[in-house]
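**Student:** Quick one: the structure is below, questions incoming.
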Amino acid sequence: MPLLAEYADATAGPQAALYPFWTLQNNELWEVEGSDALALTSGGRRPSLATLNEANPLAGLPEADYDLLAKDPELAARIASSLLVRFFPDDVAAVTHAAGLSRLLAGGIDLALRPLAGEEYPDRTAIAQVYGGNGVGGITPIEDGILSVFSDDKGPYNDSRIPGTDWIAYTGDGLNGDQKLVGGNKSMSVYQAEQRALRYWHKPHGGVFTFESWVVVVQCRRRWGIGENGARRQEFVWVLAPVHSPLRETWPHEVQEALTAGDLTIHEDLDLEAEPEADVAGSRDARTPMEQYRRLTEAARRTEAKRTTRSKLTTVERFLRSAAARNAVILRSRGLCENPYCLGHPMERTDKGAPLLEVDHVNDISRGGADSPETMIALCPNCHALKTRGSGRKDLRRQLLKRARTLHQAFSEGIEL
Ligand SMILES: [Zn+2]
1090 MPLLAEYADA
1100 TAGPQAALYP
1110 FWTLQNNELW
1120 EVEGSDALAL
1130 TSGGRRPSLA
1140 TLNEANPLAG
1150 LPEADYDLLA
1160 KDPELAARIA
1170 SSLLVRFFPD
1180 DVAAVTHAAG
1190 LSRLLAGGID
1200 LALRPLAGEE
1210 YPDRTAIAQV
1220 YGGNGVGGIT
1230 PIEDGILSVF
1240 SDDKGPYNDS
1250 RIPGTDWIAY
1260 TGDGLNGDQK
1270 LVGGNKSMSV
1280 YQAEQRALRY
1290 WHKPHGGVFT
1300 FESWVVVVQC
1310 RRRWGIGENG
1320 ARRQEFVWVL
1330 APVHSPLRET
1340 WPHEVQEALT
1350 AGDLTIHEDL
1360 DLEAEPEADV
1370 AGSRDARTPM
1380 EQYRRLTEAA
1390 RRTEAKRTTR
1400 SKLTTVERFL
1410 RSAAARNAVI
1420 LRSRGLCENP
1430 YCLGHPMERT
1440 DKGAPLLEVD
1450 HVNDISRGGA
1460 DSPETMIALC
1470 PNCHALKTRG
1480 SGRKDLRRQL
1490 LKRARTLHQA
1500 FSEGIEL
């Protein structure tokens, strides 16, 4: 009772303590001795506090459960620590001590933090076999009830690290049609509002699923995207910040700061009218590539004009709003590496037939390079590496900047080079 008084929701009055005592036995997780004989209130749902005080019944786990836990302290510790991490993430140490669990959990709170960062599984089925869960949903809890999000580089979603940060842009739940704030997206908004950590799993191209990190949701955005059926639709982007554990005291300062901002509004990026990849290839859009280029360049300018403060959230905002500038450059490239001295594989395509190009800010974005197509260039992976790490990068950078300006000028004026 003192534990309930201290850690249960005090605003719920005496029922707050009565509720778990009685409800758990309704759920057969807990047995109250002689419960059949106790008189229930007129509503018939529970005995009155006076009745319980008078009978003063013993209560505890069902015998089979008790035996199981008594025989297997590691299992008991794992369950206890999971419950602590799930329901008392801000008070784990205090509740552990107050509930007399310190010895059982000595050094064992880590059990609740499993999977450990870096744990690998060949596929979702293997994860479900070890940790439960449905093995399919992109946003779904595993057996301890804590939400997991799964990101597969092969698709169907387009998730990414936000350059210049370790934060992640995670596409919401829903394969086709406009995404709604239901199902997995609803769960994400609840975790965001409650500032609870969830698990982030990632599968790189040709790799296996890895538990990469705990993350917290720092922002929600909405943008145009492409459904699995190839149709344009609105989708959510959840901005996730990695944290070391679900225990808040371990979260980096910048994450706490972003959360303190407490911004639960949905940031709309729908004004950007990002061009679908298929349209970039020119199949569906009736406008000429030059007209599209001018329109995207304009959208990129509007974004640039909105730049204000310098924080991680600004970097996030810039990256997510720079789709227009990137798409403009891809359009201008006509699917070919824009380095005039390219010796790579300029015609290579992905499985989906998209050009294998990386859009680069010739002047590094972290040093203030603008999201403007005239200072950006589409490069094949080889040229991108030469420009970033090659010994001749200084000269190459100068040549690429000149090339980007020439191409931009020509394309804006409708001149074929
Ligand atoms: Zn190239």
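Going by the working numbering, the sequence shown opens with residue 1090, and the numbers climb by one from there.
Idealized CB from N, CA, C, for every residue including glycine.
1. Taking C-alpha atoms, which residue in Ala1094, Met1436, Leu1490 and His1186 lies nearest to Pro1470?
2. From Arg1494 to Thr1254, what distance separates their C-alpha atoms?
3. Where does the unbroken alpha helix (DSSP H) through Gln1488 begin, and where does it stop?
4. Thinking just about the alpha-carbon of each residue, which of Arg1410, Leu1420, Pro1151 and Ser1411 is nearest to the one in Gln1114?
5. Can you list, in chain order, the residues of its chain with a C-beta nearer than 7 Å to that of Ala1188? Leave out the 5 residues immediately preceding and following it.
6. Please report the straight-line C-alpha distance between Arg1213 and Ser1461, rounded to a whole angstrom.
7. Going by Cα to Cα distance, which pick from Gln1308, Gln1381, Leu1425 and Cys1431 is closest to Gly1442?
8. Give the DSSP bridge partners of Cys1309, in chain order.
9. Is Asn1318 close to ligand 1? I mean its beta-carbon at under 7 Å from any heavy atom of the ligand.
10. Give, in chain order, every unbroken run of the alpha helix (DSSP H) that is at least 4 residues long and sits entirely within the segment 1249 to 1296.
11. Collect the residues with a C-beta less than 5 Å away from any heavy atom of ligand 1 and give them in sequence order along the chain.
12. Quick one: what's got a C-beta closer than 7 Å to Ile1235's C-beta in the same chain, skipping five residues either side?
13. Report buried or exposed for Gln1218, applying the criterion of at least 16 other Cβ atoms within 10 angstroms of its Cβ.
14. Between Val1326 and Tyr1246, is the Cβ-Cβ spacing less than 8 Å?
15. My output table needs one value for Ile1508: the three-state DSSP class, helix, strand or coil.
16. List the residues that DSSP assigns as beta-bridge partners of Pro1230.
17. Would you please state the rounded distance, in angstroms, between the beta carbons of Val1520 and Gln1345? I believe it to be under 8 Å.
18. Quick check on Val1369: does DSSP put it in helix, strand or coil?
19. Taking the alpha-carbon of Leu1265 as reference, which of Gly1296, Trp1313, Asp1233 and Phe1239 has the nearest alpha-carbon?
20. Assign Arg1310 to buried or exposed, taking buried as 16 or more other Cβ atoms, counted over all protein chains shown, within 10 Å of its Cβ.
21. Here's the rule I'm using: 16 or more other beta-carbon atoms within 10 Å means buried, otherwise exposed. How should Gln1381 be labelled?
22. Near Thr1464, which residues of its chain fall below 7 Å by C-beta distance, leaving aside the five closest residues on each side in sequence?
23. Going by DSSP in three states, Tyr1096 sits in which element: helix, strand or coil?
24. Which same chain residues, not among the five before or five after Pro1146, have their C-beta less than 6 Å away from its C-beta?
25. Let me check one thing: in DSSP terms, what residues is Ser1302 bridge-paired to?
26. Name the one or two DSSP bridge partners that Ala1148 has.
27. On the criterion of 16 or more Cβ atoms from any shown chain inside 10 Å, does Ser1400 qualify as buried, or is it exposed?
28. Would Ile1257 pass as a contact of Asp1248 if the rule is Cβ separation under 8 Å?
29. Round the Cβ separation of His1333 and Trp1290 to the nearest angstrom and send it over; I've been treating them as touching at under 8 Å.
30. What's the C-alpha gap between Arg1487 and Thr1386?
31. Would you grab the beta carbon distance between Glu1208 and Val1297 for me? Rounded to a whole angstrom, and I think it's under 8 Å.
32. Please return the same chain residues whose Cβ sits closer than 7 Å to the Cβ of Leu1353, not counting the five positions on each side in sequence.
33. Figure out for me which residue from Glu1338, Pro1211, Val1279 and Asp1156 has the closest Cα to the Cα of Val1181.
**Tutor:** On the basis of the data shown:
1. Mapped onto the sequence shown, residue 1470 falls at position 381. For Pro1470, the nearest C-alpha among the options comes from Met1436.
2. For the purposes of this step, residue 1494 is taken as the residue at position 405 of the sequence shown. For the purposes of this step, residue 1254 is taken as the residue at position 165 of the sequence shown. Using only the alpha carbons, I get a separation of about 28 Å.
3. Residue 1488 sits at position 399 when you count from the first residue of the sequence shown. Gln1488 -> alpha helix (DSSP H) spans Arg1482 to Ser1501.
4. For the purposes of this step, residue 1114 is taken as the residue at position 25 of the sequence shown. Per the Cα distances, Pro1151.
5. As a working mapping, residue 1188 is identified with position 99 in the sequence shown. Apart from sequence neighbours up to five positions away, the residues of its chain that approach Ala1188 with a beta-carbon distance below 7 Å are Leu1092, ordered along the chain.
6. Locating residue 1213 in the sequence shown gives position 124, counting from the first residue. Locating residue 1461 in the sequence shown gives position 372, counting from the first residue. Cα-Cα distance, rounded: 40 Å.
7. Within the sequence shown, numbered from 1, the residue matching residue 1442 stands at position 353. Considering only alpha carbons, the answer is Leu1425.
8. Your numbering for residue 1309 matches position 220 in the sequence shown. BP columns for Cys1309 point to Trp1327 and Ile1355.
9. Translated into positions along the sequence shown, residue 1318 becomes position 229. Ligand 1 never approaches Asn1318 closely enough for any of its heavy atoms to be under 7 Å from the residue's Cβ.
10. 1272 to 1283
11. Cys1426, Asn1428, Cys1431, Gly1433, Cys1469 and Cys1472
12. Here residue 1235 refers to the residue found at position 146 of the sequence shown. Result list for Ile1235: Arg1175, Leu1287 and Arg1288, in chain order.
13. Along the sequence shown, one-based indexing puts residue 1218 at 129. By the 10 Å Cβ count, Gln1218 comes out exposed.
14. Counted from its first residue, the sequence shown places residue 1326 at position 237. Counted from its first residue, the sequence shown places residue 1246 at position 157. Against a cut-off of 8 Å, the Cβ pair of Tyr1246 and Val1326 comes out as no contact.
15. The structure shown does not extend to residue 1508, since the chain is modelled only from 1090 to 1506, so the question has no answer here.
16. What you label residue 1230 is simply residue 141 of the sequence shown in a count that begins at 1. Note: Pro1230 sits in a beta bridge opposite Leu1236.
17. Residue 1520 lies beyond the range of the chain shown here (1090 to 1506); nothing can be said about it.
18. Counting from one through the sequence shown, the residue named residue 1369 turns up at place 280. Confidence in Val1369 is poor, its pLDDT being 43 and thus under 50, which makes the residue's placement unreliable; the coordinate value appears in the next sentence. Note: Val1369 maps to helix in three-state DSSP.
19. Position 176 of the sequence shown, counted from the start, is the residue given in the question as residue 1265. Leu is not the amino acid found at residue 1265; the sequence shown has Asn there. It is Trp1313.
20. Numbered from its first residue, the sequence shown carries residue 1310 at position 221. Classification for Arg1310: buried.
21. Taking the sequence shown and counting its residues from 1, one reaches residue 1381 at position 292. Under this definition Gln1381 is a buried residue.
22. By one-based count along the sequence shown, residue 1464 stands at place 375. Cβ neighbours of Thr1464 beyond the five flanking positions: His1450, Val1451, Asn1452, Gly1458, Leu1490 and Ala1493.
23. As a working note, residue 1096 is residue 7 in the sequence shown. Correct three-state label for Tyr1096: helix.
24. As a working mapping, residue 1146 is identified with position 57 in the sequence shown. Excluding positions up to five away in sequence, the list reads Val1121, Glu1122 and Gly1123.
25. By one-based count along the sequence shown, residue 1302 stands at place 213. Partner(s): Tyr1289.
26. As a first step, residue 1148 is located in the sequence shown; it is residue number 59 there, counting from the start. Per DSSP, the beta-bridge partners of Ala1148 are Val1121.
27. Numbered from its first residue, the sequence shown carries residue 1400 at position 311. That one is exposed.
28. Counting from 1 along the sequence shown, the entry for residue 1257 is found at position 168. Counting from 1 along the sequence shown, the entry for residue 1248 is found at position 159. The answer is yes: Cβ separation under 8 Å.
29. Reading the sequence shown from its first residue, position 244 is the one you call residue 1333. Reading the sequence shown from its first residue, position 201 is the one you call residue 1290. About 16 Å separates the two Cβ atoms, so there is no contact after all.
30. Within the sequence shown, residue 1487 is the residue found at index 398, counting from 1. Within the sequence shown, residue 1386 is the residue found at index 297, counting from 1. In a straight line, the C-alpha of Arg1487 is about 22 Å away from that of Thr1386.
31. In the sequence shown, residue 1208 corresponds to position 119, counting from 1. In the sequence shown, residue 1297 corresponds to position 208, counting from 1. Wrong, their Cβ atoms sit about 10 Å apart, outside the cutoff.
32. Here residue 1353 is taken as the residue at index 264 of the sequence shown, counted from 1. If we look at Leu1353 and ignore the five residues flanking it on each side, its Cβ neighbours are Gln1281 and Ala1282.
33. Numbered from its first residue, the sequence shown carries residue 1181 at position 92. Closest option to Val1181, Cα to Cα, is Glu1338.
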